Every structure is written in structure tokens, then in C-alpha cells.
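Chemist: Can you read through this structure? Questions will come right after.
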Amino acid sequence: MQDTICAISTPHGTGGIAVIRVSGPEAVSLADKLFAGKRPLREAQSHTMHYGRFADLDDVMAGVFRAPHSFTGEDTVEISCHGSAYIQQEILHLLCTTGCRLARAGEFTERAFLNGRMDLTEAEAVADLIAAESRAAHNLALSHLRGGISHELNILRERLLHFTSLIELELDFADHEELEFADRSQLSLLADELETHISRLLESFKLGNALKNGIPAAIIGPTNAGKSTLLNALAGEERAIVSDEQGTTRDTIEDVVTLGGVQFRFIDTAGLRHTDNRVEQQGIERSLNAARRADVILLVDDASRPSERAKLPAGIDAEGKIIIHVHNKADLLTARPADKTEEPPYSVYIAAKQGETDKLKDLLQSRYSHENNYETVTISNIRHRDALRRALNAIQHVKAGITDNLSGEFMAMDLQDCLQALGEITGQITSQEVLNNIFSRFCIGK
Ligand SMILES: Nc1nc2c(ncn2[C@@H]2O[C@H](COP(=O)(O)OP(=O)(O)O)[C@@H](O)[C@H]2O)c(=O)[nH]1
Ligand SMILES: [Mg+2]
């Protein structure tokens, strides 16, 4: 971390303004060699902006942020220049010939982590915040950035640490078998509490991951029910081909639509029917796969043909999925039966061709807005899920150990495993390999 690093932090290409970030022990002195303002930057106070000329190349604004109160925790200079690709590259080049080196992807945030400005879950949330494409994904990232996960885990970890040290103390006095510092019934209570907590966090992953990446919603049903028409109506554009001819849709078509701040990935599929056509059969197989992977299944049928109701295909497990019976072409009915939107089984009558899909949209929104509650911590990161699974496994071993009256040594090992897993999430325990893995996925300049 002795190097002073630099990178363009704004997107590639030409823009009104571009920002080049310099961070490290020499950030201010190196920038001063190229910057000529009213006064040198080394005399500037932290968190101030200065107008000046950068190496006869451009008139720029230089922001100065001094350690430790900067994003990275190091001295930082942010140069806002005119956003021509030439100026940006030239400034970067000059900084490098003066003594900076190009930053790796995510290196600014990695330094912020290594300097204790944020923990690992918060650093990961920076990447999620930048990638967020919907209000729900944004809110989730923001709550993580503000320490939502760390706060919850740190409390649990502290208490566990206390017990572990008591058990380890017992081991130090192994000659005196009668000594028991760690009250087993209290440890058992804590283990129960941890188990409940960790299980709840693990359960939140499905929702968190769906909110972050978009909720997969498969449109399934017989041919000609109006599935492609529904996709087009939801997307607000002609994505899928609509036709009276059965078996028109053969491949799955996906479109992303944001409803009430939540992103859905609607997947139009081939109609389910018996066919000897090989291509259509493959299309149907894909429909079934899409249904298996989906969190939401829209079972679409033709409202005017009550004898041809869409059913959940055999082999698809409804467990954990939201299934909605969508009766389309309701415009062909003389009277519309009532919808059922309060509890499962859900059903709505719509007319996709007429653009009447509001009842379906409202239902989807309401299903996700009340679950989408940030009072409780929701995890969305696979790394966190995997570590929590290990922590859960370890704590279950601890519980079994208490029940079986196992010796403190075994219990201490399981407790250490649990502490290790929890510590890896927030980064109290970490390896360079893990850090590289996390930060290499960041953009350059962040
Ligand atoms: N009357 C009426 N016809 C519809 C409606 N939605 C779709 N259709 C018609 O039903 C036929 C089949 O539609 P399509 O979307 O290709 O069905 P898919 O095979 O399920 O994808 C087309 O002729 C559509 O115009 C609707 O809401 N009302
Ligand atoms: Mg179709």
C-alpha cells in the first residue's frame, strides 16, 4: 500500500467532465508536480476544491482529501478535467511518468477496507450499489453499505467469542476436571439463538439474490393462451411474435421489467402441448426448465375456454414459488369472475391484447413490496451465504456437543469454526486470495 495509485473513475469514453482519482502517500506531492493553481495543493486543507492548470493540458478542478478522512483512508486528489478521451489518457499518462502507478480494479475500495474505513460486507456493497438497476436492489445495497450485515454479525460474534474464551480457559485447567467456567445451559441458549439468527439470514438469501438480480418469472401455459402477447404487454414493446398459429414461440424470450421498484425477468416460453415436432419439443423442454428455475410462475390460459385450464406441469415443485393463475382474453367473457389476490391460490382475469394487465402487475408488486422490508437484514451475496452455511453447521455441532456432554476440546474446535466463518464475512479473518477474488470484480477506478 506504499504505492500511490491512479485511475479514471468515470466511465470510458467522452463526457462533459471526467474524474481521475489519485490515492496514496504521495498523492498530493505528485499531483503538485503537474498542477499549477493559485497555491500548491500541499498547502490546501482537506475536503477543498482548487482551480488550476494541469500540465498545460487542461484547466481542471482538484479536490484534496487528506488521510485518514478520505474514502481510501489515504491522501487523495480527485482531478475533474474536461472529458475528452485524449485529456483523460494524457493526465493518466503524466501521473504515471511522475511516479504513480495504475490502480487495479477495485483497488481504491480494497485500500479503504485494509485501512479500516469499512468492513468487507460494506466494501462489497459498494460494488452492489454501482451495479444496482432497480430501487429494490439499490435499497438492499445501501442497507449493506451502512453496515446492516456487519452490525448483526458482530453482536453475535462478540458473544460467541466470550464463550469460546471461557471454554478455552477450562482447557488450560484440564487437570482440574471439576472446573467449568462456561455455563453449559447459557452456551446452549446462545447456540439456539445463533442457529435461529443464522437460519433466518440464510433464508433471506433467496429474496435478496432475486431482488439484486431480478426475479425470474416464467410465463407458462397451453399454446395460443396469449403468453407472448402478455410478455409484450408487460414489456411495453413487441418482443415476442404473436400469432394464431399454435407452436409459434419455440425458444424462451426474456425481458426485464421494473414494477414498483422491483426488477422482474419475465420469460415467455413455448406453449405446452403434445407435439411430434423435434424443435418444438426442445422448446417445451426449455419452458419446463424456465419454470423450474423461476421464483414466480404465471400459468396463463384462455379465459373463454374453461375446459383448457393451465396446470402446473408435472415435475415442477411449487414449494417456495409464487404461482399465479392468469386467465387471459377476459374481454371475450360477458361477465368477469372475481380475482383472488389476497392469498394463494392467486388468480386474475386480464386482457393482454387490450393492454389490461394492471391487476397482474399490482399483484406482483404487492407480493414483493411487503416482503421487501429492510427492517430485517437480507443477504444477497453468495460468499456470505456459503460462510453462513459453514457457521450454521458448526453451531449445530456445538449444540450436539452440549447434548452429548462432549469434552471442551471438541466444543472449542466447533466454536472456532463458527467464529472463523462469521469473521470471514465481515473480513475480520481473511486471506489475500479472498480479497483478490472480491475486488477483481470491481470496476477500475472504484
Ligand atoms: N381477444 C383476445 N385475444 C388475445 C388476447 N391475448 C392474445 N390474444 C390472441 O391470441 C392469439 C395467440 O396469442 P399469442 O400471444 O401468440 O399466444 P401464445 O401462443 O400463448 O404465445 C393471438 O391471435 C392473439 O392476438 C386477449 O387478451 N384477448
Ligand atoms: Mg407464444
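Plus 69 on top of the position in the sequence shown (first one is 1) and you've got this note's numbering.
The C-beta atom is built at its ideal place from N, Cα and C for all residues, glycine as well.
It should be emphasised that the depicted structure is a prediction, and the values quoted were computed from it without experimental measurement.
Among Val446, Glu249 and Gly185, which residue has its Cα nearest to the Cα of Gly217?
Modeler: The residue given as residue 217 occupies position 148 in the sequence shown. Looking at the Cα atoms, Val446 is the closest of the given residues.
Chemist: Pick out whichever of Arg226, Leu238 and Arg405 has its Cα sitting closest to the Cα of His266.
Modeler: Taking the sequence shown and counting its residues from 1, one reaches residue 266 at position 197. With distances taken between Cα atoms, His266 lies closest to Arg226.
Chemist: Ser312: beta carbon under 7 Å from a heavy atom of ligand 1?
Modeler: The residue given as residue 312 occupies position 243 in the sequence shown. Ser312 Cβ: within cutoff of ligand 1.
Chemist: Between Gly536 and Ala421, is the Cβ-Cβ spacing less than 8 Å?
Modeler: Absent from the model: residue 536. The displayed extent of the chain is 70 to 515, so no value can be given.
Chemist: In the DSSP output, which residue or residues are listed as bridge partners for Asn89?
Modeler: Position 20 of the sequence shown, counting from 1, holds the residue named residue 89. Note that residue 89 corresponds to Ile in the displayed sequence, not to Asn. Answer is Ile77 and Ile148, bridged to Ile89.
Chemist: For ligand 2, is there a heavy atom less than 7 Å away from the beta-carbon of Asp320?
Modeler: Translated into the one-based positions of the sequence shown, residue 320 becomes position 251. It does not: the Cβ of Asp320 is nowhere closer than 7 Å to a heavy atom of ligand 2.
Chemist: Tell me the DSSP bridge mates of Met130?
Modeler: Translated into positions along the sequence shown, residue 130 becomes position 61. Met130 pairs with Tyr120 and Ser149.
Chemist: Per DSSP, what are the beta-bridge partners of Tyr415 in this structure?
Modeler: For the purposes of this step, residue 415 is taken as residue 346 along the sequence shown, with counting starting at 1. For Tyr415, which the question treats as bridged, DSSP gives the partners Ile393.
Chemist: With a CB to CB cut of under 7 Å and the five nearest residues on each side skipped, what residues in its chain are close to Leu402?
Modeler: Numbered from 1 along the sequence shown, position 333 holds the residue referred to as residue 402. Ala372 and Ser373.
Chemist: Confirm, please, whether the CB-CB distance from Ala286 to Ile353 is below 8 Å.
Modeler: Here the question's residue 353 lines up with position 284 in the sequence shown. Here the question's residue 286 lines up with position 217 in the sequence shown. No, these two residues do not count as a Cβ contact at 8 Å.
Chemist: What did DSSP end up calling Asp337 once you bin it into helix, strand or coil?
Modeler: Position 268 of the sequence shown, counted from the first residue, corresponds to residue 337. DSSP places Asp337 in strand when its eight states are reduced to three.
Chemist: Between Val467, Arg452 and Arg170, which lies nearest to Phe508 when the distance is taken from Cα to Cα?
Modeler: Counting from one through the sequence shown, the residue named residue 508 turns up at place 439. Closest option to Phe508, Cα to Cα, is Arg452.
Chemist: Considering only residues of the same chain and omitting the five flanking positions on each side of Cys169, which have a CB-CB separation below 7 Å?
Modeler: Position 100 of the sequence shown holds residue 169. Within the same chain, Cys169 has close Cβ partners Thr73, Ile74, Cys75, Val91 and Leu99.
Chemist: Using only the alpha-carbon positions, how far apart do Glu388 and Ile284 sit?
Modeler: Mapped onto the sequence shown, residue 388 falls at position 319. Mapped onto the sequence shown, residue 284 falls at position 215. In a straight line, the C-alpha of Glu388 is about 16 Å away from that of Ile284.
Chemist: Among the candidates His207, Leu299 and Ala260, whose CA atom is the shortest distance from the CA of Lys281?
Modeler: Here residue 281 corresponds to residue number 212 of the sequence shown, with the count starting at 1. Closest by alpha carbon: His207.
Chemist: Consider the C-beta atom of Lys398 and the heavy atoms of ligand 2; say whether any pair is separated by less than 7 Å.
Modeler: In the sequence shown, residue 398 corresponds to position 329, counting from 1. Not so, every heavy atom of ligand 2 lies at least 7 Å from the Cβ.
Chemist: Return the chain-ordered list of same chain residues with a C-beta closer than 6 Å to the C-beta of Thr321, the five sequence neighbours on each side being excluded.
Modeler: For the purposes of this step, residue 321 is taken as residue 252 along the sequence shown, with counting starting at 1. These residues qualify, in order along the chain: Ile336, Thr338, Arg355 and Ala359.
Chemist: Measuring only from the beta carbon, is Thr423 closer than 7 Å to any heavy atom that is part of ligand 1?
Modeler: The residue labelled residue 423 in the question sits at position 354 within the sequence shown. In the sequence as displayed, the identity of residue 423 is Gln instead of Thr. Indeed, a heavy atom of ligand 1 lies less than 7 Å from the Cβ.
Chemist: Measure from the alpha carbon of Gln501 to the alpha carbon of each residue in Tyr155, Asp127, Glu176 and Phe123, then state which is nearest.
Modeler: The count along the sequence shown starts at 1 and reaches residue 501 at position 432. Of the listed residues, the one whose Cα sits closest to Gln501 is Glu176.
Chemist: What residue range is occupied by the uninterrupted beta strand (DSSP E) comprising Ile224?
Modeler: Along the sequence shown, one-based indexing puts residue 224 at 155. Careful: Ile224 lies outside any beta strand (DSSP E), inside the alpha helix (DSSP H) at Gly217 to Asp241.
Chemist: From this set, Arg173, Pro406 and Gly470, which residue's C-alpha is nearest Gly482's C-alpha?
Modeler: Here residue 482 refers to the residue found at position 413 of the sequence shown. It is worth fixing the name first, because residue 482 is Met in this sequence and not Gly. Of the listed residues, the one whose Cα sits closest to Met482 is Gly470.
Chemist: From Thr233 to Asn506, what does the alpha carbon distance come to, in whole angstroms?
Modeler: As a first step, residue 233 must be located in the sequence shown, where it is residue number 164. As a first step, residue 506 must be located in the sequence shown, where it is residue number 437. Taking the CA atoms as reference points, Thr233 sits about 30 Å from Asn506.
Chemist: Just mark Glu143 as buried or exposed, buried being the case when its beta carbon has 16 or more other beta carbons within 10 Å.
Modeler: Numbered from its first residue, the sequence shown carries residue 143 at position 74. With 16 or more Cβ atoms within 10 Å of its Cβ, Glu143 is classed as buried.
Chemist: When you compare only the Cα positions, how much space is there between Gly121 and Glu306?
Modeler: Here residue 121 is taken as the residue at index 52 of the sequence shown, counted from 1. Here residue 306 is taken as the residue at index 237 of the sequence shown, counted from 1. The straight-line gap from Cα to Cα measures roughly 49 Å.
Chemist: Among Ala154, Ser153, His138 and Ile160, whose alpha-carbon lies nearest the alpha-carbon of Ala131?
Modeler: What you label residue 131 is simply residue 62 of the sequence shown in a count that begins at 1. It is Ile160 whose Cα lies nearest to the Cα of Ala131.
Chemist: Can the beta-carbon of Val365 be found closer than 8 Å to that of Ile385?
Modeler: For this step, residue 365 is matched to residue 296 along the sequence shown. For this step, residue 385 is matched to residue 316 along the sequence shown. Not in contact: Val365 and Ile385 (Cβ atoms no closer than 8 Å).
Chemist: Going by the beta-carbon positions, is the gap between Ile419 and Lys409 smaller than 8 Å?
Modeler: Indexing the sequence shown from 1 puts residue 419 at position 350. Indexing the sequence shown from 1 puts residue 409 at position 340. Contact: no.
Chemist: Output yes or no for whether 8 Å exceeds the beta carbon distance between Phe123 and Ile148.
Modeler: Your numbering for residue 123 matches position 54 in the sequence shown. Your numbering for residue 148 matches position 79 in the sequence shown. Contact flag set, yes.
Chemist: Please list, in chain order, all residues of the same chain as Ile448 whose beta carbon is under 6 Å from its beta carbon, the five residues on each side excluded.
Modeler: The residue labelled residue 448 in the question sits at position 379 within the sequence shown. So the qualifying residues of the chain are Leu270, Ser273, Phe274 and Gly277.
Chemist: What is the DSSP secondary structure of Ala201, reduced to helix, strand or coil?
Modeler: In the sequence shown, counting from the first residue as 1, residue 201 sits at position 132. It is coil, neither helix nor strand.
Chemist: Using the beta-carbon count (16 or more within 10 Å), is Phe104 buried or exposed?
Modeler: Numbered from its first residue, the sequence shown carries residue 104 at position 35. The residue in question, Phe104, is buried, as its Cβ has 16 or more Cβ neighbours within 10 Å.
Chemist: Please confirm if Tyr418 has its CB atom under 8 Å from at least one CB of chain B.
Modeler: No chain B is part of this structure, which consists of one protein chain only.
Chemist: Specify the secondary structure class of Asp125 as computed by DSSP and reduced to three states.
Modeler: Here residue 125 corresponds to residue number 56 of the sequence shown, with the count starting at 1. It is coil, neither helix nor strand.
Chemist: Check whether the Cβ of Thr317 sits closer than 7 Å to any heavy atom of ligand 2, and report yes or no.
Modeler: In the sequence shown, the residue the question calls residue 317 occupies position 248. True, at least one ligand heavy atom lies under 7 Å from that Cβ.
Chemist: Is Gly492 helix, strand or coil when you go by DSSP?
Modeler: By one-based count along the sequence shown, residue 492 stands at place 423. Helix.
Chemist: Is it right to say His81 is buried, meaning 16 or more other beta carbons lie within 10 angstroms of its own, or is it exposed?
Modeler: The sequence position of residue 81 within the sequence shown is 12, counting from 1. Exposed, because fewer than 16 other Cβ atoms sit within 10 Å of the Cβ of His81.
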